[in-house]
Amino acid sequence: MSYEGPPPSRHRSPGWLAHRKLSVVAGAVVVLVVAAGAVYLGNGAAQPEPSNAANALEYPSPSAGQAESPGSAVSAPTTPSVSATPSTAATPSTAAAPKAPTTGWVPIDRAVWKAQADAYQALKIDPAPAGVGDLPEFRADCQYSHRLPDDPIVAPGLPGASHMHSFVGNKAVDASTVAGDLTKFTATSCKPIQDHSAYWVPTLYDNATGKPVETTGFRVYYRSLAKNSTGQMPMPNGLRMISGDAKKKQPTPRGATGQFYCAFYGPGDLDGVARSTNGNWPICGGTATLHFMLQFPDCWDGKHLDSPNHKDHVAYGSGGTCPPGHPVRIPAITFDIQYPAKGTPAGYYLSSDKAGKSASSMHGDAFVMWDVDTMNKRTKNCVLGRRTCDNYGYQK
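According to my numbering, the sequence shown holds residues 22 to 417 in order.
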């Protein structure tokens, strides 16, 4: 089921709740009520969602231990930019050998990135129709695509080497996917179709039956987290990054950060009317269903499409600015995930933590690839222009 209708409201300050109403599609109620604790960042801390422009919040804190790019790395261009056809791994000399993405510090193709940045800088902001909101964001609404024990970011070229993942977006993704594949094989479960990216999370399983529970709504926001958009640049194509920690094995009792929560119309309990027997999973009341939100960094080093731990080339801004080692402000990706489940006493488990059966190992991967003109236009109009956009442009 695709999300439709106006975007959700935002938190004003930590600890506040903001009701997020989305449409009723095919009889299913899709409404989010989000608390500050519901947004789980890669540094393991709970942070409020981005505010609307009238009630701006600061950036979330940088990840603990976030390292700057090594000084010996390829230097960034003066004006950062991104490309539709980023550099990919070299073709193996042996035809029969499987291809695999380059790993470690992966430098961006500076000429291609500069070409996109120059095109972006030349764009003018389109006049917004009357009534357009002031949430600086655009989005892609995606459906479940396929499930594989693969991870082309963490375990490239090694099919079956990962725990099970549920993929949305680009339908051709497997363990051997490289950036060029995302532009060559463009069938997608996302709207707009100009988003060729791949997004994935660990598969959720019903603990009582062992059966997978796949998403019925997967909205990917690209947004500003600051009170202004000074220096805003588009997302670099080919960027690979991870938010969350697959190795985290901590309980997620009522009120814990990094837990699944209940989404509903009107007042209600985010933590559920009850909990699973092990306390790690909410049981939702009324028409509420399980949701999860995952936020990615909004600052980039301007040099690399990936790093050895898939995090060090990006960072979370703070105080309205990006850290010196990551000076390029990019749209912050946020996963807003809906599951067709209300919760049970038996609870659930993630493929990344079958034994512990907590939600703390929830994490997300993003392999970004957009039509360059579309990415540039959305970033310019919606994020830099600080106007609310949907899948296709200004939300009217």
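Every residue, glycine too, gets a C-beta built ideally from N, C-alpha and C.
Check whether residue i and residue j have beta carbons under 8 Å apart
i                 : j                 : result
methionine 256    : tyrosine 141      : no
asparagine 259    : alanine 200       : At residue 259 the sequence reads glycine, which differs from the asparagine that was named. Result yes, Cβ atoms of glycine 259 and alanine 200 sit closer than 8 Å.
glutamine 359     : threonine 237     : yes
lysine 270        : glycine 377       : yes
cysteine 283      : glycine 293       : yes
aspartate 216     : glycine 190       : yes
leucine 326       : serine 264        : no
alanine 387       : phenylalanine 281 : no
alanine 196       : proline 177       : yes
phenylalanine 356 : tyrosine 220      : yes
isoleucine 351    : tyrosine 242      : no
valine 234        : glycine 385       : no
phenylalanine 239 : glutamine 164     : yes
proline 180       : threonine 198     : no
Outcome for residue i when other beta-carbon atoms lying within 10 angstroms are tallied against a minimum of 16
i              : result
isoleucine 146 : exposed
glycine 63     : Because glycine 63 carries a pLDDT of 36, less than 50, the predicted location of this residue cannot be relied on, and no value is offered for it.
tyrosine 80    : Because the pLDDT at tyrosine 80 is just 27, under 50, the model does not fix this residue reliably, and the point stays unresolved.
proline 128    : buried
threonine 400  : buried
lysine 268     : exposed
asparagine 330 : exposed
glycine 152    : exposed
aspartate 374  : buried
glycine 125    : exposed
aspartate 266  : buried
Distance, residue j Cα to residue i Cα
i              : j                 : result
arginine 131   : alanine 380       : 39 Å
glycine 414    : phenylalanine 159 : 7 Å
cysteine 410   : cysteine 320      : 21 Å
glutamine 416  : glycine 154       : 8 Å
lysine 205     : alanine 367       : 43 Å
threonine 365  : serine 297        : 6 Å
lysine 485     : serine 218        : Outside the displayed range of the chain (22 to 417) lies residue 485, so it cannot be described from this structure.
asparagine 228 : aspartate 171     : 22 Å
glycine 323    : valine 349        : 6 Å
lysine 135     : serine 245        : 22 Å
serine 187     : tyrosine 226      : 11 Å
serine 114     : threonine 123     : A caution first: serine 114 carries a pLDDT of 39, below 50, which makes its placement in the model too unreliable to give a value.
proline 361    : proline 303       : 14 Å
valine 393     : proline 157       : 19 Å
methionine 396 : proline 274       : 39 Å
serine 250     : aspartate 139     : 18 Å
CB-CB length for residue i against residue j, believed under 8 Å
i              : j              : result
serine 210     : serine 166     : 4 Å
asparagine 301 : proline 272    : 6 Å
glycine 383    : glycine 279    : According to the sequence as given, residue 383 is methionine; it is not glycine. Indeed they touch by this definition, with Cβ atoms about 7 Å apart.
methionine 185 : serine 372     : 4 Å
lysine 332     : methionine 262 : 7 Å
glycine 341    : lysine 248     : 6 Å
Counting pairs of beta carbons, one from the segment 292-311 and one from the segment 326-338, are three or more of them closer than 8 Å?
no
Would you be able to state if there are at least three C-beta pairs under 8 Å between the segment 402-414 and the segment 146-157?
yes
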